[in-house]
Every structure is written in structure tokens, then in C-alpha cells.
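Chains as they are written, first to last, in this note's numbering: chain A, 2 to 247; chain B, 306 to 911.
Glycine residues also receive a C-beta, built at the ideal position from the N, C-alpha and C atoms.
Heads up, the thing below is written out as C-alpha cells.
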Ligand SMILES: Cc1cc2nc3c(=O)[nH]c(=O)nc-3n(C[C@H](O)[C@H](O)[C@H](O)COP(=O)(O)OP(=O)(O)OC[C@H]3O[C@@H](n4cnc5c(N)ncnc54)[C@H](O)[C@@H]3O)c2cc1C
Ligand code: SF4
Ligand code: SF4
Ligand code: FES
């Protein structure tokens, strides 16, 4: 079986650099397998974050040949033949060590989003009724594994570092899941506009393109949320209507 | 404390899987101070991988279901070694816990009249598993996570506990390090809840995530707590077998629940060839009837593919051994065939089993709506673990609680699918409630400085050993352990192989004295593994010793040299404890008495 050359980002006291490793690739291997093999054979202290190795936990996000991906779902057989494979940490987040980044900002942003607030139960036994057709969309959003690849690729965060002003695609998906939840009664429209900066998104769809769960982040989450914001704050007719109906 | 950060809480929860988060929520609701410590990031614990569903007798789909039926199913599945009180509490409380998740924002699949939909699963008499496609675990953990972050709970992510702290026979806290910097931390606590999950990664072929090294079971053991039922490991019948790098990855039982069938290379549905007596009355002998069952016909009996996991796994092993297996050493699991029955089969399969479709497409290049999958058994779950009181989840050490997969009792010798997620909720809640109560009635114990010094020295030793000569690579030892466990303590067990396993494990134990690591303390997987090995080896030894002690076959434990069930062993649990000299002591203890009214329920539903 062939040996493949890897260029892996290693941090050191002066920042970091790519280091070369060679390892043997066997049938069906994914990039994370190769990283583990390198770790076991050559670099015990090579830092990599992973949990499930099944594309379910969203821990192993990195940039493979420049593309934001899950290492455990990227097959070696899909890499261009005869070329080295480059692996580096996600660019939009501070590096902790080697391939591991500090994604804690995402947990902070999420906490700022108003929590789920259900209407009173529909039935005396404390349960609710919801039609499957009414929850399909929300279930799409709830597939999110919080890999933060969409946050990584979004230029507002990646190039302009506006983490404080723009909540980012993951959190738009999260907000959409709450806003479109049939039981939810909270209103997050003003927050979307002000605190979470939905206006920063200019619908480039880069986030949608990298989502390993194939969530239609832009079309299904962000655009409908933008419409809600527009209806509320920018549509003069709606404004008038609201004034009178108060 | 010199040099170490100390955090002080009433209740410290180790683990942020379903059990840990549910425990933390409950303890916080009781008004005590709570910390959750987890080795991974929040929301990424192994629970995220659960697929098929959470078992609760909501009776939304079949009104004949109730807690008594669920209770009886659980006891039968565990072949009556279960702690009946736990099985009772579990069956009674799981519907409440599932509905509560809905109130916290979970979005389960729906019935036509808008209630929570339930699906069939092995060993459950009626459709009982609330689910979200095949990503129920994700739904559960995200719901608990998003709820927890708005409660008064402090969360320490990527912190690993390496020892519990004790003084004068009671728990005083836990000791560990943060992954980022590798600095030691003391968690001073009145009560500690272990919710660290399972141990699949001590085997080579496993469905479990990185996190599942049995850490908490070993922490409890070394602190002096009793373990029970460690011989009962569940091998899930359907793991992926090809390609090699994904060997063991789970294929949810939901595939069979939706009508998937098992065939050997002759095309025969071999599950019809061996139906155990205990299940004869409720299992179909007719293919057509089996199909109708999966499609919700209440008068049909279930197909033999949905027999309990231990049995299905052994039937698959038999087919493979006798030369009727698939090309890569498994058997065939076919869901594509349902196109003979329903018109939009490919769409139906993709909607019902989205992650299975995805998983095979991405990782094996197989389209499950067109071709059969190749499957074989994989290490999946441990029924055994820390012995706990049924009501409070307190271990044999005052102030130490355990809940979730690391605790034992509910499942007896074999767990039914779906009964783990419900276990996490029911007993996670109870652990949180009783730990909070306990912490209210006590004060902080005193931290023993000598204990801290001893653990720190042990933890840092791998750095001191250098890499010369006899030094051992931690990853190599881990691989060796996984190979031995797979070979010698797997699905089919034998006295002499178990003896050999114990010898091999002891030899590994000596090797870890020489394990070394390079680099520095910051996010260093080599060092982390070096420390983890002790816990993995402890758990491996407990499994091997318990398996050697139980000279019969029951549930997840199959002894080729004692293939039958024995009445004598049906009355005991095997209990493992550290003796004063530090050796592993193995004892047979009488299983807890079954209350008369519960026994009556079992007898009535036989
Ligand atoms: C692929 C798969 C599918 C499954 N599907 C189902 C299903 O459909 N239905 C069902 O009922 N069950 C299912 N199960 C079983 C079920 O998922 C697990 O039993 C359950 O999730 C265990 O939850 P837990 O809370 O006990 O532990 P886990 O979710 O494993 O969490 C353990 C936590 O402890 C932490 N931890 C561990 N050790 C330490 C330490 N030393 N220091 C600090 N933190 C530590 C980890 O970081 C983690 O946060 C499935 C299992 C697998 C493998
Ligand atoms: S569509 Fe919006 S959120 Fe997505 S990457 Fe582009 S700017 Fe960012
Ligand atoms: S929306 Fe998609 S890309 Fe973004 S965090 Fe979730 S799963 Fe990852
Ligand atoms: S390790 Fe879980 S998504 Fe890759």
C-alpha cells in the first residue's frame, strides 16, 4: 500500500509551521485515521480533537487542503493522487495547539440567544400536539452537530473577525430552529437585527456549501429570518399596521 | 492548596452525556451549587451518537402499552438478573422524563394526531421508542445542553478527572487536569456524581466514541466502591464490517425495526432457524407476518430479526463461522428489499434512516436503498458498572453517586435497545436529586494533601521516564489491550482464554509502569493516553475476572464451556471490589429480592 505525505500544522513557541509526515494508507481510511496513525507512530503529542469518528459530534473540524471539513468524514481516496495532504486548524478561531482551536466563543454567543419558551400545554396531561409537516423545517435545523465549519468559512468572521457583532451562521440556524418551533412564544426579531447582526450576512452561501449536515443555512434559515426582520423594522405598511393594531 | 487551583461546589458531576446533564439540571433545581466536568466539549459526549430512540411507555402508538409491560420486557431482556426496583422506577418514570424533554424544546417525530411517535425495537412488546429519525441522541443531548446553559450550573469543558478524593471513608471531591494547559485542578465537593458512560474502546471493534474508556467505573473502583455485573457486555449485532477503518461503527436496530432483514450468503433469513423458548410465543415464524409487524399491524408478531441483541449477535457469529457469511466476514442486512412492498421505498428509507443512508454512502460507497449492507457484531454497551442504590443512585461510598451507562443494575444481563437513553434521564434525575439532598445534610470533607501529592507524582511520571530503552509507547499498549480483549474476552468465552486474558492484562499493567511521553503538558494526547491506560486496564481486568467467575451463559455473557443457563447463577450478581492489599476481589452476592407485587406482574405476563 502507498505511503502518503502529509503537511500538518504544528504549533511551537514562535507560532507554528507545517511539518511533514509520511504514513501508509489502507482501504477506506479517512483523514482522521491518518492523523491518528501519525500520532501513534511519529508524534504522540500531536493535538487533535475528536470523539465519535462517525460525523455525529462535530469535534474534528479542520481545513484539509484548504477546505473546511470534518476529518472523520473525509476519505483518503477522495484526495488528489500523488499530492501531499495539507491539514491545518480552522482559521476563524484562535489555535490552542496544532489542529485544535478554541471554539468557546460559540458557546458564549449561544447563551445570549433567548431560550425556548413554550406555549401552555395543549392537553390536560401536559402534552402538546404538533403536525409532522409543521416540524420538518425545525428538524432540519436541529440536525446541526455544532462543528462550526460554517462559522469558520463565513467571511464576516473569518476575514473581518466580527464575532462580537455577528452571531454567525450556526447561531442563525439555532435562532431559526427556535423561531420556527411551533410551540415557541418568544420573540427574537429585534435581537437578530441588533445584537446578532443579521444584516452583516450578504448571502454568499459559503456556509451552506460546507455544512456536513447539508442544512440549507442560507435559504431556509437566514433568508426567512431576514424577512422577519425586514417585515418588522423596514416595511412601512407593516409598521403602520402594527401601530393601529396595538 | 499550593500550586493548584481549587474549585468548591456542593455537587460535582463528572460527565456531560445524557446522565450527567440531567443530573446537573436536577441538582441545580434543588438550589445547591453545581459543576459539570467533562473531558470533551459540551454537547459532544457519546450520547450524541445514539440513534434509534428512547424507550418510554407513552402508549401513543399502541394503547395496550403501560409501565408494567415495559417493566416485564426489561426484566425478561435482562434474564431476571436486573435490579427489579430499578426496572420498576425506570418503567414508571421514563414517560415523564421524555415529555419533560419536549417541554424543554425537543422535537420528536409525530404520530398522525400530532403526538410523539414511537417505533418498534428488539425485545419491546409494543412500539415504544420515541425518536427523531435516527439521530435521537443528538436531539436529546442538544435539548439538555441548551436547557443547562440557562441554569445555575458551571461547566468545565475539556477537563479530565483522574482520581476521586476521599478522606475518612467519604468522598471529598475529584482531582484532574485541564486539557488545554495540562494543569492540575482540585474539585472540592460534598457529593460527586459519576456519569462517565461506557467502555467500548477497550475493545478493537467498537461502536463507541473516543470518550468511552470506562474511566468512571475505574475511578469508583479505585476509590473503593463495588462494581457488579461486569461480565455483561453487549455486543450489538449490526456494526459495519467494511471498509476496515470504520469496522464496528453502528448500524441502528431501527433498520430492522423499519423492515430490514438479515440474510446469509445463501439468501436465507437465518434468524428463523433459532428462536429461543422464552420468546417463542411472541415471535413470528412467517416472513409476511414479520413485515406486517414492522408496518404497525397490531395483530402480527414480531420478526425474529427483532429478538434481543445477544441472541441476534450469536446467530450472526454462527453463520459467519459456518461459512455462510458475506465477503468481508459479516452477513447481509437488507432494507432495499422493501421496494417490493412500498412504492416510494428509496425516499422512505432516506427519511426514516437519514444518517444510515449518509454513513454508508460517505464511508463505504454503498447506497442502502439499492444494495444490502454487510454487518457483524460490535462492542456496544456495558450492562455492568458501579453498584448503586436503586432509589438514590448512591454507590457503596457515602457521597458518591453514579448514573447512566457507568452504573449497573437496571439492565441485568442484557439491555434492550432504547432503555439506555431512558435510563440516563430517569436515573440521572434521581442522582441529581439525591446528591443535592445529601450535600445539604453534610459539610465539605477535608482534602488530604498527601493524596494530592501522590496522584500528581503518578500523573507526571511518564514525562520523567524519557524515551530511551525500555520506554513504552502509550498508543501501542492501548492497541495491544484492544486486541487481547477482542480475542479473549469477546462474544464467545472460554475458561482458559479468560485465564490467559487475565495474565495478559496483568502484563500490560506492568508495562504501563514504563510508559513515557514527550512534549509538554499542553493538549498532549500521548500523556492523556498514558494516564487513561490505568483505567482502561482496570475495567478490562474486572470484565475478564467476572466473566471467568460466571460459569453459565446468560444475556450478553456466553460461555462456550457452559452454554446453558444455571439456576444457581441466576440467583447471584458478581461483585468486584478492591481489597485492602490493592488486589481485585471477586465475590458472588445474592441478587436483590424482588418485591412480591413485582414478581406477580412478571408471572402474569410470562
Ligand atoms: C452508536 C450508538 C448508538 C446508540 N443508540 C442508542 C439508542 O438508540 N437508544 C438507547 O437507549 N441507547 C443507545 N446507545 C447507548 C447510549 O447512547 C449510551 O449508553 C449513553 O449515551 C451513555 O450516556 P452517559 O450519559 O451514561 O455517558 P456518555 O454520553 O458516554 O457521556 C460520558 C461523559 O463523561 C465524560 N467523561 C468520561 N470520563 C471522564 C473523566 N475521566 N473526566 C471527565 N469527564 C469524563 C465524557 O466526556 C462525557 O461527557 C447507543 C450507543 C451507541 C454507541
Ligand atoms: S451566507 Fe451569510 S452567514 Fe453564510 S457565509 Fe455568507 S455571509 Fe456568512
Ligand atoms: S450548521 Fe452545519 S456547518 Fe454549521 S455548525 Fe451546524 S452542522 Fe456545522
Ligand atoms: S469525530 Fe465526531 S464528527 Fe468527526
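Remark: the shortest separation between the CB of residue 157 of chain A and any heavy atom of ligand 2 falls under 7 Å. The residues 166, 167, in chain order, have a CB closer than 6 Å to that of residue 198 of chain A in the same chain once the five nearest residues on each side in sequence are set aside. Chain-order list of chain A residues neighbouring residue 399 of chain B: empty, with the shortest C-beta distance near 15 Å, by a criterion of under 7 Å. Cβ contact annotation for residue 68 of chain A (same chain, cutoff 8 Å, sequence separation greater than five): 211, in chain order. Rounded to the nearest angstrom, the gap between the Cα atoms of residue 758 of chain B and residue 512 of chain B is 37 Å. The continuous stretches of alpha helix (DSSP H) do not include residue 880 of chain B, which lies in the beta strand (DSSP E) extending over residues 877-883. Selection A:18, A:127, A:144, A:39 evaluated against residue 25 of chain A yields A:39 as nearest (Cα-Cα).
Annotation: Cβ neighbours of residue 31 of chain A in chain B (cutoff 7 Å, chain order): 550.
Not one heavy atom of ligand 2 lies closer than 7 Å to the C-beta of residue 92 of chain A. Remark: the shortest separation between the CB of residue 53 of chain A and any heavy atom of ligand 4 falls under 7 Å.
The DSSP-derived three-state label of residue 672 of chain B is coil. Between the C-alpha atoms of residue 411 of chain B and residue 421 of chain B there is a straight-line separation of about 11 Å.
Between the C-alpha atoms of residue 334 of chain B and residue 315 of chain B there is a straight-line separation of about 13 Å.
Placement of the Cβ of residue 115 of chain A at a distance of 7 Å or more from every heavy atom of ligand 2 is found.
Looking at the backbone, the Cα of residue 83 of chain A and that of residue 3 of chain A are separated by about 10 Å. Put simply, the backbone Cα of residue 332 of chain B is about 14 Å away from that of residue 705 of chain B. In chain order, 879, 891 place their CB closer than 6 Å to the CB of residue 854 of chain B, counting only its own chain and leaving out the 5 sequence neighbours on each side. Listed in chain order, the alpha helix (DSSP H) elements of length 4 or more contained wholly in the segment 761-849 of chain B are 779-793, 800-816. For residue 667 of chain B, the nearest beta carbon of chain A is closer than 8 Å to its own beta carbon. Under the Cβ criterion of 8 Å, residue 19 of chain A is not counted among the residues facing chain B.
For residue 472 of chain B, the enclosing beta strand (DSSP E) covers residues 464-472. Cα atoms of residue 826 of chain B and residue 746 of chain B: separation of roughly 39 Å, rounded to the nearest angstrom.
In terms of Cα proximity to residue 708 of chain B, the closest of B:310, B:318, B:312 is B:318.
Close to chain B, meaning a Cβ-Cβ distance shorter than 8 Å, are the following residues of the segment 32-50 of chain A: 34, 40, 41, 45, 46, 47, 48, 49, 50.
Under a 10 Å Cβ-count criterion, residue 871 of chain B is classified as exposed, with fewer than 16 other Cβ atoms of the shown protein chains found around its own Cβ. For the 8 Å CB-CB criterion, residue 345 of chain B and residue 60 of chain A form a contact. Ranked by how close their Cα comes to the Cα of residue 441 of chain B, the residues B:724, B:743, B:899 have B:724 in first place. Nearest to residue 502 of chain B by C-alpha distance, out of B:508, B:490, B:517, is B:517.
Close to chain A, meaning a Cβ-Cβ distance shorter than 9 Å, are the following residues of the segment 451-477 of chain B: 451, 452, 454, 455, 460, 462, 463.
For residue 19 of chain A, the enclosing beta strand (DSSP E) covers residues 16-25.
Note on residue 382 of chain B: 16 or more other CB atoms within 10 angstroms of its CB, so buried under the neighbour-count rule. Within the same chain, 32, 33, 61, 63 come within 6 Å of residue 72 of chain A by CB-CB distance, once the 5 residues on both sides are set aside.
Counting along the chain, residue 496 of chain B sits inside no alpha helix (DSSP H); it lies in the beta strand (DSSP E) bounded by residues 489-499.
Against chain B, the CB of residue 58 of chain A has a partner CB under 8 Å away; the residue lies at that interface. With a minimum length of 3 residues, the unbroken runs of beta strand (DSSP E) contained wholly in the segment 428-465 of chain B fall at 458-462. When rounded, the separation of the alpha-carbon atoms in residue 579 of chain B and residue 864 of chain B is 18 Å.
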